[in-house]
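If you use the UniProt record's numbering, the sequence shown corresponds to residues 1 to 705, in order. Don't be surprised by glycine CBs; every beta carbon is placed ideally from N, CA and C. Values in this document were obtained by computation on a predicted structure and should not be read as measured data. Okay, structure first, notes after.
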Amino acid sequence: MARHVARPDPRAHWILLLLGLVTLLAALSFHGLISAVGGGSGPDRAPDSPPPRAVATGGPVLRLDGPAPVSRRLPARTLALTFDDGPDPRWTPQILDVLRRHHAHATFFVVGARVDEHPDLVRRILAEGHEIGSHTFTHTDLTTAPGWRAGAELSWTRNAIAGVTGREVTLFRPPFSSTPAAVSDAQYRALRAAAGSGHVAVLADRDAKDWQRPGVPAIVRAATPPGGAGAVVLMHDGGGDRGQTVAALDQMLPRLAAQGYRFTTVSAGIGAPDSMVPATTGARLSGTALRWAQTGADWLTSAMNLLLAVALVLGVVRLAVQVVCARRHVRRVRRPRRRWPEVTAPVSVIVPAYNEAANIAATVRSLVASAYPALEVIVVDDGSSDGTADIVERMRLRGVRVIRQANAGKPAALNTGIRAARADLLVLVDGDTVFQPDTVYRLVQGFADPTVGAVSGNTKVANRRRLLGRWQHLEYVIGFNLDRRMYDVLECMPTIPGAIGAFRRQVLFAVGGVPADTLAEDTDLTMKVLRAGWRVVYEESAIAWTEAPSSLRQLWRQRYRWCYGTMQAMWKHRHALREPGAGGKLGRRGLPYLTVFQIVLPLAAPAVDVFALYGLLFLPWSELALAWVGLLLLQGGTAAYALRLDRERFGPLWTLPFQQLVYRQVMYLVVVQSVVTAVVGNRLRWQRMVRTGEAAALVSGAPAR
1 MARHVARPDP RAHWILLLLG LVTLLAALSF HGLISAVGGG SGPDRAPDSP PPRAVATGGP
61 VLRLDGPAPV SRRLPARTLA LTFDDGPDPR WTPQILDVLR RHHAHATFFV VGARVDEHPD
121 LVRRILAEGH EIGSHTFTHT DLTTAPGWRA GAELSWTRNA IAGVTGREVT LFRPPFSSTP
181 AAVSDAQYRA LRAAAGSGHV AVLADRDAKD WQRPGVPAIV RAATPPGGAG AVVLMHDGGG
241 DRGQTVAALD QMLPRLAAQG YRFTTVSAGI GAPDSMVPAT TGARLSGTAL RWAQTGADWL
301 TSAMNLLLAV ALVLGVVRLA VQVVCARRHV RRVRRPRRRW PEVTAPVSVI VPAYNEAANI
361 AATVRSLVAS AYPALEVIVV DDGSSDGTAD IVERMRLRGV RVIRQANAGK PAALNTGIRA
421 ARADLLVLVD GDTVFQPDTV YRLVQGFADP TVGAVSGNTK VANRRRLLGR WQHLEYVIGF
481 NLDRRMYDVL ECMPTIPGAI GAFRRQVLFA VGGVPADTLA EDTDLTMKVL RAGWRVVYEE
541 SAIAWTEAPS SLRQLWRQRY RWCYGTMQAM WKHRHALREP GAGGKLGRRG LPYLTVFQIV
601 LPLAAPAVDV FALYGLLFLP WSELALAWVG LLLLQGGTAA YALRLDRERF GPLWTLPFQQ
661 LVYRQVMYLV VVQSVVTAVV GNRLRWQRMV RTGEAAALVS GAPAR
């Protein structure tokens with residue numbers, strides 16, 4: 001990844017991200033509304049108060065746009081067959097086939113969302129001489145919907161039909177309605193409101209109740225008017241299994257035709273003009289846009305379902321690989337070492353330091369107190385302004401050297417120490433890190449294998465008393481160290497942490513020292529070592545205590561640098577994909593893993609969180625709670641296993657649910673910021689963390705668990 005001109009961090013993408021997430025939530029919510037479309041007339045409900053007498057005793061066709069209700073009935077031996085809840089891709093064509101076979105016409109009260117899903121069926125209905133009316137957009141109960149929702153349901157349906165057919169409908173049948181005598185006061189108010197937007201209400205004289213699937217004979221009896229009377233018959237072509245409706249219709253039509261009945265539309269039955277009028281250009285365009293929006297919402301929801309499924313599968317596969325590799329790693333490193341001789345060669349420890357006054361004394365003391373027999377400590381002061389070098393010099397410790405240089409950055413300080421070192425084995429240590437007495441010894445034992453060029457130690461969080469520290473402690477144990485066991489087994493270790501790592505001096509010289517052209521010099525260096533053909537291993541027992549960021553601001557700055565620098569290193573070493581040997585293992589194992597789990601999935605995480613919010617709004621809470629608890633238990637089990645491997649206490653596990661709700665989002669947003677910074681060509685500069693000296697307390701005591 002090339003150097004870029006330093007510019008201020010980009011910020012506009014946060015607005016774009018927020019707008020994108022809001023748009024995604026709106027699209028998912030729209031899908032949630034339309035995907036909940038049901039069907040049927042619903043249970044019989046007694047009116048909460050009697051409707052006006054003119055409605056209760058009048059005909060099924062109602063005009064309510066005047067001061068008094070006006071109703072119409074069908075003449076004798078005239079049936080207006082009406083079908084609700086369609087169009088349905090299975091049942092509507094069968095019903096149309098039956099009607100065509102018996103030369104009958106009918107009125108279809110369509111659900112707007114299904115119109116957009118099956119526009120060809122709607123066009124076929126019209127082409128075969130039938131009539132179309134509105135049945136709301138999502139089959140919602142208008143008696144309980146707020147006014148804005150009721151208006152939108154009618155407007156959306158009218159526009160959807162206009163966009164598909166070029167015509168606007170005026171007939172309207174409210175969901176869960178039946179005969180005029182069954183109209184409640186709330187339904188009457190809903191019908192009056194619909195009349196205000198130009199709709200004519202159509203109820204029924206005969207409710208076949210086919211949605212209950214009572215059997216074909218029962219449907220035929222319920223739909224047949226007594227004594228040759230005319231009637232509007234309520235049936236269904238969607239919303240469920242309508243096989244009985246199709247069979248009943250096929251029996252009823254020839255039987256009633258033999259009795260002199262004619263089968264027509266509602267408008268033709270009452271002698272009214274065509275209820276469908278040419279749509280305005282605005283209505284047609286609105287309907288087309290609505291159909292595109294619905295299609296887009298369906299696509300987005302399907303894509304999110306796929307993304308979630310892929311993420312879950314990848315997460316489970318990752319966990320399985322981690323556990324298998326961790327068990328293999330533990331069996332390998334914890335069995336007695338009989339194959340390789342003990343390593344006691346001299347070691348030089350290099351400590352780059354820039355304004356590390358808070359911890360440098362503790363770091364140096366812990367190194368001098370090491371049980372390793374031949375050890376020199378080189379502190380390279382990189383132009384500190386807080387007296388870091390003076391502190392070390394005043395300590396007057398044997399075997400400790402201080403080298404001062406003008407501020408040139410951490411890689412330059414490390415390279416200065418590497419050139420000054422006398423030993424062939426070098427340990428690189430951050431200035432805020434505290435070693436245990438046996439750390440150096442355990443760290444360098446891996447060099448007994450002549451193919452090993454570098455060894456990673458086990459970094460632990462020292463300041464874990466507060467919640468943020470506990471979260472980072474869990475992250476280090478679960479993510480970093482569990483991953484390093486896997487990398488060790490797969491021979492593709494991408495990073496030896498700057499806090500604790502050991503290298504052969506000849507390896508560092510061979511790869512040109514510590515690189516300075518990325519912000520993750522530790523990752524860059526480790527990848528160079530692998531590509532040079534050396535093995536890089538992980539030593540779990542070589543423990544180093546480091547001071548983690550103690551505020552969200554410091555955490556953000558640290559992880560921003562880490563993430564951006566890691567991407568720089570990945571881009572720089574992308575050619576390892578086609579290399580043989582150790583470099584190829586990095587390219588074909590380590591780099592894809594980092595790409596998927598440290599870049600791609602974190603970038604998708606905000607959308608997944610929006611999808612979870614969508615689930616809270618539209619999915620059963622019991623299912624969501626069960627899924628969340630299941631995932632949490634899986635993560636808890638993983639965390640417990642990782643803590644057990646690292647011989648840590650299980651106490652911090654109680655913070656895991658809160659980590660998922662807060663810390664996880666911060667880490668994902670860091671990735672978003674880093675990717676945007678890289679894409680726009682910014683050059684991120686080193687951002688130093690302010691030290692508090694909490695790691696120094698480890699010299700005299702153990703950390704809080």
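Inter-residue spacing [alpha-carbon to alpha-carbon] between residue i and residue j
{"i": "Trp628", "j": "Thr140", "result": "30 angstroms"}
{"i": "Val122", "j": "Arg173", "result": "17 angstroms"}
{"i": "Val330", "j": "Asp88", "result": "59 angstroms"}
{"i": "Gln665", "j": "Thr295", "result": "30 angstroms"}
{"i": "Thr301", "j": "His31", "result": "7 angstroms"}
{"i": "Ala12", "j": "Ala605", "result": "19 angstroms"}
{"i": "Leu171", "j": "Val202", "result": "7 angstroms"}
{"i": "Pro75", "j": "Gly271", "result": "10 angstroms"}
{"i": "Leu290", "j": "Gly282", "result": "12 angstroms"}
{"i": "His105", "j": "Leu96", "result": "9 angstroms"}
{"i": "Gln568", "j": "Gln673", "result": "14 angstroms"}
{"i": "Val323", "j": "Val455", "result": "21 angstroms"}
{"i": "Ala145", "j": "Gly166", "result": "28 angstroms"}
{"i": "Gly457", "j": "Thr433", "result": "12 angstroms"}
{"i": "Leu24", "j": "Leu669", "result": "17 angstroms"}
{"i": "Arg559", "j": "Met667", "result": "8 angstroms"}
Neighbourhood of residue i by C-beta distance below 8 angstroms, restricted to the same chain and skipping five residues each side
{"i": "Gln259", "result": "Arg77 and Gly228"}
{"i": "Arg422", "result": "Pro346, Ser348 and Glu376"}
{"i": "Thr136", "result": "Val111, Gly112, Leu142, Glu153, Leu154, Thr157, Pro174 and Pro175"}
{"i": "Thr595", "result": "Met570"}
{"i": "Arg149", "result": "Thr140"}
{"i": "Glu168", "result": "Arg158, Ile161, Ala162, Met276, Val277, Pro278, Ala279, Thr280 and Ala283"}
{"i": "Leu656", "result": "Leu474, Leu632, Gln635, Gly636 and Ala639"}
Residue i (DSSP reduced to helix, strand or coil)
{"i": "Pro43", "result": "Reliability fails at Pro43, whose pLDDT of 48 lies under 50, so the model's placement of it is uncertain and no value is given."}
{"i": "Ser267", "result": "helix"}
{"i": "Leu203", "result": "coil"}
{"i": "Asp250", "result": "helix"}
{"i": "Ala231", "result": "strand"}
{"i": "Ser622", "result": "helix"}
{"i": "Trp159", "result": "Residue identity check: residue 159 is Asn in the sequence provided, not Trp. If DSSP states are grouped into helix, strand and coil, Asn159 belongs with the helices."}
{"i": "Phe137", "result": "coil"}
{"i": "Ser275", "result": "coil"}
{"i": "Lys209", "result": "coil"}
{"i": "Asn481", "result": "helix"}
{"i": "Thr344", "result": "coil"}
{"i": "residue 711", "result": "This structure does not reach residue 711, given that the chain is present from 1 up to 705, and the question cannot be answered."}
{"i": "Gly239", "result": "coil"}
{"i": "Ile34", "result": "helix"}
{"i": "Phe108", "result": "strand"}
{"i": "Leu519", "result": "coil"}
{"i": "Leu426", "result": "strand"}
{"i": "Val452", "result": "strand"}
{"i": "Ile360", "result": "helix"}
{"i": "Tyr354", "result": "coil"}
{"i": "Asp88", "result": "coil"}
{"i": "Val61", "result": "strand"}
{"i": "Asp298", "result": "helix"}
Same chain, Cβ closer than 7 angstroms to residue i, five either side skipped, listed in chain order
{"i": "Ala353", "result": "Ile360, Val379, Val380, Asp381, Asp382, Ser384, Thr388 and Gly431"}
{"i": "Leu508", "result": "Ile418 and Leu426"}
{"i": "Ala510", "result": "Ala532"}
{"i": "Val216", "result": "Gln244, Ala247, Ala248 and Gln251"}
{"i": "Glu521", "result": "Lys410, Pro411, Val514 and Pro515"}
{"i": "Ile478", "result": "Thr638, Ala639 and Ala642"}
Proximal residues to residue i (C-beta, below 6 angstroms), its chain only, five neighbours per side dropped
{"i": "Cys492", "result": "Lys585, Leu586, Arg589 and Gly590"}
{"i": "Thr288", "result": "Gly163"}
{"i": "His102", "result": "Leu253"}
{"i": "Tyr188", "result": "Pro51"}
{"i": "Met304", "result": "Phe611"}
Bridge partners - residue i, DSSP secondary structure assignment
{"i": "Phe172", "result": "Ser134 and Ala201"}
{"i": "Trp545", "result": "Val434 and Lys460"}
{"i": "Glu376", "result": "Ser348"}
{"i": "Val514", "result": "Note: Val514 sits in no beta bridge, so no partner."}
Could you check whether the stretch 148-165 touches the stretch 209-223, counting it as contact only if at least three pairs of C-beta atoms, one from each stretch, sit closer than 8 angstroms?
By the criterion of at least three beta-carbon pairs nearer than 8 angstroms, the stretch 148-165 is not in contact with the stretch 209-223.
The stretch 80-99 in contact with the stretch 235-247 per 3-pair CB rule at 8 angstroms
yes
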